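One structure is given below, encoded as structure tokens.
There are 2 protein chains.
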Amino acid sequence: MGVNSNRVEHFACPETNLIIPAELVAMPPLQIHKVCLPPEQSTFQKLKHRVSEIFFPDDPLYRFKNQTWFMKLILALQFLFPVFQWGSEYNVSLLRSDVISGLTIASLAIPQGISYAKLANLPPIVGLYSSFVPPLIYAILGSSRHLGVGPVSIASLVMGSMLSEVVSPGEEPILYLQLAFTATFFAGLFQTSLGLLRLGFIIDFLSKATLVGFMAGAAVIVSLQQLKGLLGIVHFTSKMQIIPVISSVLNQKDESIRKPKLFWVSAAAPLTSVILSTLLVFLLKSKAHGIPVIGHLPKGVNPPSLNMLYFSGPHLAVAIKTGIVTGILSLTEGIAVGRTFAALKNYQVDGNKEMMAIGIMNIAGSCSSCYVTTGSFSRSAVNYNAGAQTAVSNIIMASAVVVTLMFLMPLFYYTPNVILAAIIITAVIGLIDYQAAYKLWKVDKLDFMACLCAFLGVLFVSVPLGLAIAVGVSVFKILLHVTRPNTMILGNIMGTQVYQNLIRYREASRVPSFLILAVESPIYFANSTYLQERILRWIREEEEWIKANNGSPLKCVILDMTAVTAIDTSGIDTICEIRKMLEQKSLKLVLANPVGSVTEKLDKSEILETFRLNGLYLSVGEAVAYISSLWKA
Amino acid sequence: MGVNSNRVEHFACPETNLIIPAELVAMPPLQIHKVCLPPEQSTFQKLKHRVSEIFFPDDPLYRFKNQTWFMKLILALQFLFPVFQWGSEYNVSLLRSDVISGLTIASLAIPQGISYAKLANLPPIVGLYSSFVPPLIYAILGSSRHLGVGPVSIASLVMGSMLSEVVSPGEEPILYLQLAFTATFFAGLFQTSLGLLRLGFIIDFLSKATLVGFMAGAAVIVSLQQLKGLLGIVHFTSKMQIIPVISSVLNQKDESIRKPKLFWVSAAAPLTSVILSTLLVFLLKSKAHGIPVIGHLPKGVNPPSLNMLYFSGPHLAVAIKTGIVTGILSLTEGIAVGRTFAALKNYQVDGNKEMMAIGIMNIAGSCSSCYVTTGSFSRSAVNYNAGAQTAVSNIIMASAVVVTLMFLMPLFYYTPNVILAAIIITAVIGLIDYQAAYKLWKVDKLDFMACLCAFLGVLFVSVPLGLAIAVGVSVFKILLHVTRPNTMILGNIMGTQVYQNLIRYREASRVPSFLILAVESPIYFANSTYLQERILRWIREEEEWIKANNGSPLKCVILDMTAVTAIDTSGIDTICEIRKMLEQKSLKLVLANPVGSVTEKLDKSEILETFRLNGLYLSVGEAVAYISSLWKA
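So the protein sequences, as listed, match chains B and X.
Residue 129 in full-length UniProt numbering sits at position 129 of the first sequence, and the numbers go up by one each step.
Residue 303 in full-length UniProt numbering sits at position 303 of the second sequence, and the numbers go up by one each step.
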């Protein structure tokens, strides 16, 4: 790689070139600094750096540096099984906190488990199974101390809607169950791979704005659908779209609506309402035959379900698709919840490790009759507030669920379905976050658009498509910013070396004979044509302004490249092109403060040569000072 | 919108706050400037500004400002029909240049027209028709003076490959012709709409890197396919993928290869070789029966083909898809060629107007037996070098083609197909631009990747999919830059207010007790998690460095926001999060030089309040000076 400029050298820049023209009285001694290239690196070194920034931004092995082999072993164990980090310091006082919080979340987990399983069109018992095995595995592998693990509403409803599009849970319950376990397996596999391959940033593309809209849309759909349980409508569409759902409600004849027994239930005490309603139904059982109840539930812990996984056949594609969508959604929820509570207690949650923990717990779950689980927001909040200290609270909860599974199942016989519908509606209504949506509108209209698209997409199109549309809108937003970047005229703030936007800072004033333009984006193929046109328009307008105001004629255009954080070959061509065009107008084009990678690419493409003499400056201030001094000389 | 800070005000910033602590001897008088918000604008004003930047960056109506009604009318006519701009000044000397260049490109256009039509599996005569009507229309509407209009190789081969996947040109020639005209109609419609809706920036997404790879891949495919003509193989696959093409060549038995008559032909003189080879075949016609020749061509100008457009039926989707793909490709070529020659002669070509001109000429073409046309690079180069001055050279060329169509068609009877194959191969081999690919590799590895993906995608997958993959790679490149932005530590360059990358500038030195970080990208949902982790890692590493070097303890982290050109709600949350985490470590977080839109969003989200007292500075220099003075006081 040649260095083609006497103003640009690799790293070995001599300190400064001092030039002090006598005319510059108001200025400090004129110091012109050379623009340096970044230290030279081979392609391999650059690739290595890039890969490590992409996949290992957190430098996960830094703890292992300068350690003995024995310490490295212990650290590796602690790294793989966070239980070893806190296990050795565990004591009775921590245990007491964990028992209290564990029992508290168990009281939430049991009714939620049954309800969410129904949301996924699965037998209620599967919801309880899913509150037993996965929390145990998470307690060993997970790095969050407050995550309450179990089935969650979003993943349940998405699984229910996606699977019931191809298989009816009522007509082919076994096949449906097989597909659910298979989807869970693929969700786990997908999550584990994301963690292993350190591709966790993929879930970052589900922005908060998208999730706010998505969850609100899903909540509306589910609430409408659960009217089935509340109003007792039997022939209800299971399609997850608002038009069939609403028309199905509207088309019900009066006689087919059996009188609902309960419209409202407190969200705060799902267990209380389950117990009360079960008692009520039990006491009235001779009089109220029409009330649908859960009925018989099998006793005993999770049966193995490895033999129910479904790796060939016509529905495999749906199972994989469902697995990936629910996998992404449950990861997003689990990791966001984990990070939230970790930030409150000031510890770190490692995203990629969490993905592996959640993934492995779902793979194990799929072999033991569980469906997709993750860290649930409601349960984690209860866990945190009840004083949980470590993942042991998950073990306590799992134990409570086991006791329920072994001995208390007959008690649920008379639990009315309507109470489960009420629990679901209460849970999902809480997902509608008006305030967040309002804040999005106030702060960022395009974020609000993404949110709205997710909401409407889920409501009127379908769950996966709505999600895809919302991600598309978010990506479009990034591209729009790149395609139409901001450009502006800078002026000098009197008595300083600071150059700022003329329109924003009244103290800033134009520098006569100069036009100082800042470009606020990388220069890429996607915006190079636009920037060329826009810069020529700025120059045209500046010339018109000078003519109208009898200013001194324009002689030099300075491009402030500070915010041009990258350039590609099209961008380089554009710079050359602009330079040629300005030359034909007898205008000088100089670049101020190009960042390292841009300077390097300009050098490699050999256009630095054309900027060799006085075309490249460390700052706008130095460019203005030096060029003015040249004119005066 | 409230203003929540005593350090941030709308536009009405008082000049400066002068504070001069006696301790700061090395510094100039300490001037701390307030960070201003941009002038307040309503949502509607912002939307208007944004829309005008997206759709009207060139301010197309600026010529109409401050003009009389009569002048406005004339300017509007000139705007719509550029022929009025140069028409009034046209003279004999210009005409002479245009006649010479027009006749020169006609000599190229006739053999190219016949060959490219064969490339698109169309009757050769359609290629000549397409060199007559479209150039005439372009001469009236187009704004380039050097564009040589007619069929081009890329659009021809893409149309040939896409249409012959569904309809065999040999078995159903009429249906195939109908589809070709229909595709041309939709190409024109698409191009016109892009121009009318000012969505021209869509074609910018086909970066130069992508096109280099795409054209090379297409050239290889076409060259292999044309071996059919050159080697005289009869049963040759018409699928456009390299594996079937190569295996088809390799599987030919010896006896089925008729001895080729010509392997090589000069690229410089297609017409000469057509004439010579035609003469040769004519003279040898009694002896060489095996040579395939063009055969009978109908005399006369373009017949109307409006009745052949195909607006319903099973193949409509293919016609529309083909139209859009060939439309985009031909636009990209036409506009790039137009801009290239305009830049050489220092005049402007208006992209959106060009799109309308090319689109209208294709719609008109589809009704007069023409297929997709655009500005061809080879023809425009010849036109330019032959001295063309205005679009009249296109009219001269069209006239020459008409004379050929009316009187000279029988002369082509004995033109051997092999010579057309040779012309095609010569033309497409020229599309392989080794040097451009090498330059991409040298300057920008990711651009080279996009180029390679386009090449391999076209070669081994299919033309539209290869194109889609390459665009995907280009977009991925933008997203990657946003997802993993560069962050770096800045240091002060001694004796200046300039802060630069510590690794790049040896003169730059750390400021004790400060960590100055620059983020080189907008802060978005896609990178907020990464940036949070990365910034915390910088701080951790800095603290380790301080411990190892016995430096003064870290007290303040300055985020230089100059290159953070945008922020969204996730980004704002991240800034809050980092601030809270640093507070728990008793570290101060301040922001330096946030750009206008970022300041505004911080203000709207009400987190500026938390930065109210001494948390926001106009420049890194002022932040360092002011905070140091506070510590000393």
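Backbone N, C-alpha and C fix where the C-beta goes; we use that ideal spot for every residue, glycine too.
Computed from a predicted model, the values in this text were never measured in an experiment.
- Residues are counted here when their Cβ sits less than 7 Å from a Cβ of chain X; for the region 184-198 of chain B the count is zero.
- The C-beta distance from L531/B to I523/B rounds to 6 Å, short enough to meet the 8 Å contact threshold.
- Separation of M449/X and Q41/B (C-alpha to C-alpha, rounded to the nearest whole angstrom) is 20 Å.
- By the criterion of a C-beta distance shorter than 8 Å, I396/B is surrounded in its chain by D98, V99, S101, G102, L103, A106, once the five residues flanking it on both sides are discounted.
- If you check the CB distance, G148/B and V382/B come in under 9 Å.
- Counting C-beta atoms within 10 angstroms of its own C-beta, Q112/X has 16 or more neighbours from the protein chains shown and is therefore classed as buried.
- Cβ neighbours of E622/B within its own chain (closer than 6 Å, five residues either side excluded): I32.
- In this structure, I335/X sits away from G188/X, with a CB-CB distance that is not shorter than 9 Å.
- Classified as buried, M355/X has 16 or more neighbouring CB atoms from the shown chains inside 10 Å of its CB.
- Residue pairing from DSSP places D560/B in a beta bridge opposite A518/B, A592/B.
- Per DSSP, P123/X has no beta bridge partner at all.
- For V337/X, the closest Cβ of chain B is not nearer than 9 Å.
- For T569/X, no beta strand (DSSP E) encloses it; the enclosing alpha helix (DSSP H) starts and ends at 569-584.
- DSSP lists V293/X as the beta-bridge partner residues of P416/X.
- Excluding five sequence positions before and after C556/B, the CB atoms of its chain that fall closer than 6 Å to its own CB belong to F514, K588, I627, given in chain order.
- Our two residues, T332/B and L206/B, have alpha carbons roughly 8 Å apart in a direct line.
- Distance between P304/B and L177/B, taken at the CA atoms: about 13 Å.
- According to the DSSP assignment, T487/X belongs to the beta strand (DSSP E) that extends over 487-493.
- Closer than 9 Å to the CB of K353/X there is not a single CB belonging to chain B.
- Under the 10 Å beta carbon count, Q497/X is surrounded by 16 or more other beta carbons and is classified as buried.
- Within the region 71-91 of chain X, no residue has its Cβ closer than 8 Å to any Cβ of chain B.
- Taken in chain order, the complete alpha helix (DSSP H) segments of 4 residues or longer contained in the region 318-376 of chain X are 351-366.
- For I572/X, a Cβ of chain B is located within less than 9 Å of the residue's own Cβ.
- Per DSSP, the continuous alpha helix (DSSP H) segment holding G188/B begins and ends at 173-196.
- Here K632/X is not near F525/B, since their CB atoms are 9 Å or more apart.
- P151/X places its beta carbon 9 Å or farther from that of Y505/X.
- DSSP places C36/X within a strand segment (E or B) once states are collapsed to three.
- Rounded to whole angstroms, P124/X and L344/X show a C-alpha spacing of 34 Å.
- For K48/B, the closest Cβ of chain X is not nearer than 9 Å.
- When the five nearest sequence neighbours on each side are left out, the beta carbons in the same chain lying within less than 6 Å of the beta carbon of N121/X are those of G160, S164, P169, in order along the chain.
- Listed along the chain, the chain X residues whose CB falls inside 8 Å of the CB of A437/B amount to none; the nearest CB is some 11 Å away.
- Only those residues of the region 364-379 of chain B whose C-beta falls short of 7 Å from the nearest C-beta of chain X would be listed, and there are none.
- Here F341/X is buried: its Cβ has 16 or more other Cβ atoms, across all protein chains shown, within 10 Å.
- Taken through DSSP and simplified to helix, strand or coil, N501/X comes out as strand.
- Nearest in C-alpha terms to N394/X, of all of T404/X, S380/X, V403/X, is S380/X.
- The C-beta of M406/B has fewer than 16 other C-beta atoms within 10 Å across all chains shown, which makes the residue exposed.
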